[in-house]
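First comes the structure, then the notes that go with it.
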Amino acid sequence: MQANYVFRVTIQLDPPAARVDPDRFETVCRLPAATPGTDGWLFFQHNLWRGDVADAEHMRALLTDKLGVDVVEVSFSELETDAAYRAALENEIETDLLRFNADSVEEVLHQHLGSSIHVRESEAIRGD
Numbered sequence: 002m003q004a005n006y007v008f009r010v011t012i013q014l015d016p017p018a019a020r021v022d023p024d025r026f027e028t029v030c031r032l033p034a035a036t037p038g039t040d041g042w043l044f045f046q047h048n049l050w051r052g053d054v055a056d057a058e059h060m061r062a063l064l065t066d067k068l069g070v071d072v073v074e075v076s077f078s079e080l081e082t083d084a085a086y087r088a089a090l091e092n093e094i095e096t097d098l099l100r101f102n103a104d105s106v107e108e109v110l111h112q113h114l115g116s117s118i119h120v121r122e123s124e125a126i127r128g129d
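Here our numbering is used: the first residue of the sequence shown is 2, the next is one more, and so on.
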């Protein structure tokens, strides 16, 4: 069971003792998704809305901390998941729909992830 939150990020390098060119570039960042029901599994609820980053400044700071470089732009691309993770996520959401102020699992997923959920074979998802 694996899943990653996938972001496109623009990174700014500003080394104190050297000059780099280019000093700004875009790359893809994959954050492993916490197992549904465990600490951190509500990342999508706290950080995403309608398939986009809910608070860009917060997400830039979070990714700057995780990556150790200055993230100056960020956009959400997708939740890449295997079928087992998606089923576990849906099951966990269904156990407490009131938390999400929604009538269905599909509504919750759409509210936070939009249509940006892509189910892949487990081997295709890099969890590191």
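C-beta atoms are modelled at their ideal positions from N, C-alpha and C, and glycine is treated no differently. These numbers come from a predicted model, not from an experiment.
Taking residue i as the reference, which of the options has the closest Cα?
| i | options | result |
| --- | --- | --- |
| SER76 | MET60, ILE118, PRO17, LEU68 | MET60 |
| THR39 | ARG31, ILE94, THR65 | ILE94 |
| ARG25 | SER78, PHE45, LEU64, ILE12 | ILE12 |
| ASN102 | SER116, GLN46, ALA18, VAL10 | GLN46 |
| ALA35 | ASP104, ALA89, HIS113, THR96 | ALA89 |
| GLU74 | VAL120, ARG87, ASP56, ALA18 | ASP56 |
| ARG51 | ARG87, ARG121, SER116 | SER116 |
| VAL120 | ALA85, LEU64, ALA19 | ALA85 |
| ASP97 | ASP53, GLU79, LEU43, LYS67 | LEU43 |
| ASP53 | PRO17, GLU79, PRO16, PRO23 | GLU79 |
Please go through the same chain and pick out, in chain order, the residues whose beta-carbon is closer than 7 Å to the beta-carbon of residue i, but skip the five residues on each side of it.
| i | result |
| --- | --- |
| SER123 | GLN3, ASP83 |
| LEU110 | ILE118 |
Look up residue i in the DSSP assignment and give the residues it is bridged to.
| i | result |
| --- | --- |
| HIS119 | GLU81 |
| TRP50 | ASP53 |
| VAL75 | VAL10 |
In chain order, what residues of the same chain have a beta carbon less than 8 Å from the beta carbon of residue i, not counting five sequence neighbours either side?
| i | result |
| --- | --- |
| ILE126 | GLN3, ALA4, ASN5, GLU81, THR82, ASP83 |
| GLU91 | VAL106, LEU110 |
Taking C-beta to C-beta, are residue i and residue j nearer than 9 Å?
| i | j | result |
| --- | --- | --- |
| VAL70 | LEU32 | no |
| HIS113 | LEU64 | no |
What is the residue span of the beta strand (DSSP E) that residue i lies within?
| i | result |
| --- | --- |
| GLN13 | 4-13 |
| ARG31 | 25-33 |
Over what stretch of residues does the alpha helix (DSSP H) that includes residue i continue unbroken?
| i | result |
| --- | --- |
| VAL109 | 106-114 |
| ARG100 | 98-101 |
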